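If you read the sequence shown in full-length UniProt numbering, its first letter stands for residue 5, the second for the next number, and so on.
All C-beta atoms in this analysis are idealised placements derived from N, C-alpha and C, irrespective of residue type, glycine included.
Quick caveat: nothing in here was measured; it's all calculated off a predicted structure.
Okay, structure first, notes after.
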Amino acid sequence: QPRVFSGVQPTGNLHLGNYLGAVSRWVPLQDQMPTIFCVVDSHAITAGFPDPVELSEATREVTAAYMAAGIDPTKSIIFNQSQVREHAELAWIFNCVARMGWLSRMTQFKEKAGKNKENASVGLFAYPNLMAADILAYRATHVPVGDDQKQHLELTRDIAAKFNNDFGERIKELGIGVPNPTPSPELPEQLYFPLTEPMIAGPATRIMSLRDGTKKMSKSDPSDLSRINLTDDSDTIAKKIRKAKTDPDALPSAVEGLADRPEADNLVGIYAALGGLSKEDVLKDFGGQQFSAFKPALSELAVAKLSPMTDEMRRLMDDKVQIDSVLKDGAEKASAIAEPVLKDVRRIIGFLDVR
Ligand code: ATP
Ligand code: MG
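Shown next as structure tokens:
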């Protein structure tokens with residue numbers, strides 16, 4: 005049965021890329037299938053432990069952002085990862101499924117570890133195994149994320165496939181899997197874990213930094229001017245867009261003209277995503293115009309779209325008791341799904357259950 009899982013790390017401020025590439029796309033899914041949205045705090049310690057007070061505040065802030073964006077706790081499960089032990093337990097098992105070679109090819113590790121790989125935490129290296137566990141602890145089938153997570157989702161499928169294969173006979177014997185919808189020589193008839201579908205679509209799968217059109221907009225970018233935070237006020241948004249790097253040419257009249265112009269392509273893509281338009285539509289209106297005309301229009305649209313959400317986030321942040329109770333309720337619902345899955349997994353592997 006279909007189920008959506010996705011998450012955001014509580015590291016620093018949520019930005020426009022997180023909103024357009026991920027959270028905003030989750031909202032309509034709530035009415036289509038069961039949805040689970042996690043604040044992935046266990047991932048937030050892989051690049052160094054943040055200040056403890058800031059980590060718990062950021063966890064509440066991401067929760068408030070989910071809700072302000074339209075994630076409804078009566079429709080979706082909202083919780084923080086560390087509260088459901090099954091994530092860590094399944095991640096350990098996946099550490100023993102995934103191969104060193106698979107993880108060595110992950111580009112996010114290479115980027116985040118930088119030059120000094122010897123000094124990166126083991127957790128940063130094993131991050132994709134925990135992400136696979138996040139998804140598969142709920143046997144989720146659909147994962148809406150930005151384009152940067154594509155490789156991790158392929159790894160999630162590889163882990164699921166290897167587990168299904170290695171334990172194919174056992175899963176059949178126990179009669180606990182689901183029939184393989186697309187039988188092939190590579191996969192057994194009975195699968196325990198689904199092969200997750202990535203949902204990476206739309207004009208905003210990869211919003212780029214406002215300072216460098218070749219780098220993705222990131223929470224962890226040291227330059228605050230590189231991103232629009234969901235908590236930025238109108239003046240800050242306008243200033244960041246005004247200062248955004250561009251080339252000196254006018255906007256082209258067709259999308260082909262955006263090739264090799266990463267900064268122009270990015271700003272047009274942001275406008276399109278915020279306005280619910282295609283890039284073609286945007287260029288129909290702005291083709292031939294200079295950035296000096298386009299940037300103010302973009303600021304106006306960004307402020308109009310983001311400020312109601314920012315206000316709502318602030319309002320929600322004033323009531324921490326309410327946020328914590330949403331997370332508590334979500335953690336209970338999430339555990340109720342993940343506990344039986346881990347019980348199955350322990351049986352499949354042969355861990356002796358004496359309790
Ligand atoms: P960090 O730099 O700490 O990794 P991040 O900005 O990449 O932070 P994550 O919490 O890692 O944020 O990602 C949350 C979600 O936002 C993921 O689905 C990810 O694919 C998506 N996302 C992140 N950055 C962008 C971006 N620039 N454009 C579109 N989607 C993005
Ligand atoms: Mg990231």
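Which residues in the same chain as residue i place their Cβ atom closer than 7 Å to its Cβ, once the five residues preceding and following it in sequence are excluded?
i, result
"Q153", "none"
"A68", "M317, L320, M321, I327"
"K324", "R64"
"F129", "L107, F113"
"R174", "I352"
"D35", "none"
"L246", "Per the sequence presented here, residue 246 reads as Arg, with Leu not at that position. For R246, where only same-chain residues beyond five positions count, the Cβ hits under 7 Å are K299."
"V66", "V12, P14, L18, V43"
"T50", "S125, G127, L128, Y131"
"A73", "Y23, V27, S28, V31, M313"
Suppose the cutoff is 6 Å on Cβ atoms and the five residues either side in sequence are ignored; what does the same chain contact list for residue i look like?
i, result
"G11", "C42, V44"
"Q294", "A254"
"K176", "Q194"
"K249", "R215, E267"
"residue 2", "In the structure as shown, the chain begins at 5 and stops at 359. Residue 2 is therefore absent and cannot be evaluated."
"P77", "V330"
"P38", "R7"
"R231", "H19, M221"
"T15", "A48, K223"
"A102", "N133, I163"
"G172", "P192"
Rounded to whole angstroms, what is the Cα-Cα separation between residue i and residue j?
i, j, result
"L229", "L262", "23 Å"
"R318", "V27", "17 Å"
"A92", "A342", "11 Å"
"residue 3", "K283", "This structure cannot speak to residue 3, because the chain is shown only from 5 to 359."
"D162", "P192", "14 Å"
"S157", "K347", "According to the sequence as given, residue 157 is Leu; it is not Ser. One C-alpha to the other measures close to 24 Å."
"M212", "A205", "16 Å"
"T218", "N270", "10 Å"
"N184", "M203", "21 Å"
"A144", "Q155", "17 Å"
"R29", "G291", "27 Å"
"I40", "I75", "10 Å"
"L305", "K244", "14 Å"
"M104", "P256", "46 Å"
"I139", "R210", "21 Å"
"G273", "G21", "11 Å"
May I ask whether a heavy atom of the ligand ATP can be found less than 8 Å away from the beta carbon of residue i?
i, result
"S282", "no"
"K244", "no"
"T240", "no"
"H19", "yes"
"G127", "no"
"T186", "no"
"D225", "yes"
Check whether the Cβ of residue i lies closer than 8 Å to any heavy atom of the ligand MG, and answer yes or no.
i, result
"D152", "yes"
"S222", "yes"
"Q13", "yes"
"Q155", "no"
"Q112", "yes"
If I measure Cβ to Cβ from residue i and keep anything under 8 Å in the same chain, skipping five residues before and after, which residues do I get?
i, result
"D251", "R265, E267, A268"
"A258", "E284, L287, G291"
What does DSSP give as the partner residues of residue i in its beta bridges?
i, result
"N233", "H19"
"L191", "S188"
"M212", "K220"
"N84", "V43"
"H146", "V8, E201"
"P183", "Q194"
query: Taking one C-beta from the region 308-317 and one from the region 325-337 each time, how about it: are there three or more such pairs within less than 8 Å?
result: no
Could you check whether the region 92-106 touches the region 162-177, counting it as contact only if at least three pairs of C-beta atoms, one from each stretch, sit closer than 8 Å? yes
Measuring CB atoms only, is the region 276-290 touching the region 214-223, in the sense that at least three cross pairs come out at less than 8 Å? no
ask   = Would you call the region 182-196 and the region 46-61 in contact, with 3 or more CB pairs under 8 Å?
value = no
- For the region 332-350 and the region 79-87, state whether three or more C-beta atom pairs, one from each stretch, are separated by less than 8 Å. yes
- Give a yes or no on contact between the region 121-130 and the region 143-162, applying the rule of three or more CB pairs nearer than 8 Å. no
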